[in-house]
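S.K.: For the sequence shown, my numbering gives the first residue as 25, with consecutive numbering after it.
Quick reminder that beta carbons are idealized off the backbone N, C-alpha and C, glycines included.
Sending over a structure as structure tokens; questions will come in a sec.
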Amino acid sequence: ARQAERMADQGLRVLGVARAIHHGEAWPEIQHDFDFQWVGLVGLSDPLRPEVPAAVARCRRAGIRVIMITGDHPRTARAIAARAGIDHGQVITGADLVAWSEVEMAQRVAQANVFARVTPAQKLALVEALKAQGDIVAMTGDGVNDAPALKAAHIGIAMGKRGTDVAREAAALVLLEDDFAAIVTAIGLGRRIYANLRQALVYTIAVHVPTIGLSMLPLLLGLPLVLAPVHIAFLELVIDPACSIVFEAEQADSQFMDGPPRRQSETLVSDRQLFTSVLLGTVATAVASGQYLWATAQGMAPDAARAMTFIALIGANGALILASRSPRPGLVRLFSGFPRVGLWVLVAALAGLVLVTTVPPLAQIFAFKTLPWARWLMAFGVGLATLIPLEMVKHLTARPVT
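Here it is in structure tokens:
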């Protein structure tokens, strides 16, 4: 027994081997009726993949709890958990689960991360207990006995190579490479997609505020209109690619996996983020409106004032794209890692702006007067400079780090 325990402490699955010679003609009804002779112990090694400890550490940083449920001996389970980096201070066995009430089981499940000598029914009970605590449960497995727990979990993940057909049918996802690290990578990608959708929505809300503001301002002040349908159509040609290309191409932030999962009750855009988005759009509206009022006060013709305002508005739109890349303030962060496809979108928008404001036939369609390059660059610079107050707004409305 001590030798078996020492082997189990090394993470080996220990098998006892015996032999028997039967001399009679009729076989015994059960194998225990054989006259066995002890031979020895065999230790089977199923080493961890090299990437598993790092993946478990990433889960810990991301606020994801990793639990090991196995039918192995408790000592074997403890040794494997230690190598994987799973908290193995307390190992619970299937016999313990049988002896506990549902209340006591729920309390222990919240504390222990290693379960050994567990039956298929107990795996299912553990999944249900975790769900009852409000946890989102992802269960991995490969055998027929894992199927009930895979089906009951929020996300059942079966092994594609060594997994049984029953396990794959019961699971929601199938890992093609049987690699635990792939699950962690998928979580990071999911967080990235969610964050990019959120930032795209923040930008979409913010960028439409100046469109509404510049449509209402001339009516309120009795001034010539700034935006006509053709101008709004041009703006949408910038906004739509920005949402579908720029934010979609954003790479994963290194801090995506350094925080806890979001709450189930959390909406895609919180009240704070909605307020920040509207405030960003209000700043862009103030800059573009200020440009229009300044041009009008200078006695510029309506088509010239409209051209300067539109140029400033496109510049402010570019500033909004940059400001919406990250919810955290910081100018350096906004320019680092900018996706190449996003750069092409900005270049295309700038090229289109130059064409419609400097080529006379196109300028006439947009009711623009061609401007001297000095004023053109001044208006565009005013729009881009919106990035500074936008970052100030983000700094003021950012959630404090605790």
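#1: With DSSP run on the structure shown, which of helix, strand or coil describes residue 62?
#2: In the structure shown, what three-state DSSP assignment does residue 204 receive?
#3: Check whether the segment 342 to 353 touches the segment 225 to 241, counting contact only when three or more Cβ pairs, one atom from each stretch, lie closer than 8 Å.
#4: Whose CA, out of 158, 116, 272, 117, lies closest to the CA of residue 218?
#5: Who are the near neighbours of residue 87 in its chain, counting only those whose CB is closer than 8 Å to its CB and skipping five residues on each side?
#6: Secondary structure at residue 286, three-state DSSP: helix, strand or coil?
#7: Since I believe residue 115 is in contact with residue 102 (beta carbons under 8 Å), could you give me their beta-carbon distance rounded to a whole number of angstroms?
#8: Count Cβ pairs between the segment 68 to 76 and the segment 30 to 46 that sit closer than 8 Å; are there 3 or more?
#9: So is residue 25 buried or exposed if we call it buried at 16+ other beta carbons inside 10 Å?
#10: Using only alpha-carbon positions, find the residue among 411, 298, 338 that is nearest to residue 354.
#11: Buried or exposed, going by whether 16 or more other CB atoms sit within 10 Å of the CB of residue 339?
#12: Quick check: the Cα distance between residue 60 and residue 54, rounded to an integer number of angstroms?
#13: If we call anything under 8 Å between Cβ atoms a contact, is residue 176 one with residue 200?
#14: From the DSSP output, in three-state form, read off residue 334 for me.
#15: Comparing alpha-carbon positions, which option in 238, 370, 195 lies nearest residue 343?
#16: Pairs of beta-carbons, one from the segment 302 to 314 and one from the segment 382 to 395, closer than 8 Å: are there three or more?
M.R.: With the structure as the only source:
#1: strand
#2: helix
#3: yes
#4: 272
#5: 283, 284, 285
#6: coil
#7: 5 Å
#8: yes
#9: exposed
#10: 411
#11: buried
#12: 12 Å
#13: no
#14: helix
#15: 370
#16: no
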